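Working notes for the structure below.
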Amino acid sequence: MAAQDRRAARTQEILAATRALFDERGVRDAQIEDIARAVGINRAIIYRHFSGKEELFALTLVAYLDELAELLRTADASAETEPDRLVAITRGFLEFGEQYPAFVDCAQSLLRRRGDELMAEVSDKAMFRLGQAMNGPLGVVVAVLDEGNASGVFRVEDPALLANIFYTQALGVLNLATLRLAVREQNPGLPAVDDVPFDRVKEIVVNSALHMALADTRS
Numbered sequence: 003m004a005a006q007d008r009r010a011a012r013t014q015e016i017l018a019a020t021r022a023l024f025d026e027r028g029v030r031d032a033q034i035e036d037i038a039r040a041v042g043i044n045r046a047i048i049y050r051h052f053s054g055k056e057e058l059f060a061l062t063l064v065a066y067l068d069e070l071a072e073l074l075r076t077a078d079a080s081a082e083t084e085p086d087r088l089v090a091i092t093r094g095f096l097e098f099g100e101q102y103p104a105f106v107d108c109a110q111s112l113l114r115r116r117g118d119e120l121m122a123e124v125s126d127k128a129m130f131r132l133g134q135a136m137n138g139p140l141g142v143v144v145a146v147l148d149e150g151n152a153s154g155v156f157r158v159e160d161p162a163l164l165a166n167i168f169y170t171q172a173l174g175v176l177n178l179a180t181l182r183l184a185v186r187e188q189n190p191g192l193p194a195v196d197d198v199p200f201d202r203v204k205e206i207v208v209n210s211a212l213h214m215a216l217a218d219t220r221s
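Everything in the sequence shown is counted per my numbering, starting at 3 for the first residue and increasing by one.
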């Protein structure tokens, strides 16, 4: 095996170990030492393949996004009308996030960074790959919105922007679904918490996405 092939294989091995630890322990509890131990290498070797922890996490997110894109394509194909397709892919996204809470944590850890900070810590090649991966699920949504605009069902001024809004909103909502608690005022000045069934949260988000696409947002 050529040196380039060995390097690529080791890179994929590290990414697979990172993903496995994310799914097993969560993003916060997955340490570089644990990843190196799982692969059977010294942690210093990881930094020969990745510029740092942020790049490793960004490229691990790529695997989640690729799986999510395939899931959304399947969900999209299961429905016929544009509203039904949007409902199907929104539910698919939320159910994927429920199944893989580490995906939500990983995606949000990168969203919390300023763009210039992230660019300084992640190589151009890795950022390009991350952008490609994000375009996978976003592209499914954009295609549905574009086709809904063309048929006159939707009136969305900027489908790409709305798809990005759906993405970030859904990640935030998935935190609530994971916590399964909502704060409300039970009596004046007295806060209380309620259990939040995920199915209820999901339906609210699905209806919200549909209403946003149906609303006239054009100038």
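We put the CB at the ideal spot given by N, CA and C, even for glycine.
As the structure is a prediction and not an experimental result, all values here were calculated from the model.
- For T92 against A211, the beta-carbon gap comes to about 5 angstroms, under 8 angstroms, which counts as contact.
- Under DSSP, the beta-bridge partners assigned to N189 are L192.
- The Cβ atoms of P193 and V185 sit closer than 9 angstroms to each other.
- Taking a contact to require three or more Cβ pairs closer than 8 angstroms, the region 45 to 64 and the region 119 to 138 qualify as touching.
- By the neighbour-count criterion, in which a residue is buried when 16 or more other Cβ atoms sit within 10 angstroms of its Cβ, R30 is exposed.
- The C-alpha of A32 lies about 29 angstroms from the C-alpha of D201.
- Nearest to V155 by C-alpha distance, out of A79, K127, L178 and L88, is L88.
- A Cβ-Cβ contact shorter than 9 angstroms links A71 with V142.
- CA-to-CA, the gap between D68 and L74 works out to about 10 angstroms.
- As summarised for the region 88 to 130, the continuous alpha helix (DSSP H) elements at least 4 residues long and confined to that stretch are 103 to 113 and 117 to 123, given in chain order.
- Your pair F52 and L112 does not check out as a contact, with CB atoms roughly 14 angstroms apart and the cut at 8 angstroms.
- Here the region 41 to 49 makes contact with the region 14 to 22; the two share three or more CB pairs at distances below 8 angstroms.
- Between G54 and E123, the C-beta spacing is below 9 angstroms.
- Between V198 and A165, the beta carbon gap of about 26 angstroms keeps them out of contact (Cβ cut-off 8 angstroms).
- Less than 9 angstroms separates the beta-carbon of E84 from that of E149.
- Between the alpha carbons of R12 and A4 lies a distance of about 12 angstroms.
- Contact between A162 and F95 fails: their C-beta atoms lie close to 16 angstroms from each other, not under 8 angstroms.
- Nearest C-alpha to Y169 among E56, P190, V106 and K127: V106.
- Here the alpha carbon of G28 sits roughly 13 angstroms from the alpha carbon of G99.
- Here E57 is near A128, since their CB atoms are less than 9 angstroms apart.
- DSSP places S210 in the uninterrupted alpha helix (DSSP H) bounded by F200 to L216.
- D86 sits in a helix when the DSSP states are folded into three classes.
- Around the CB of D78, 16 or more other CB atoms lie within 10 Å, so the residue is classed as buried.
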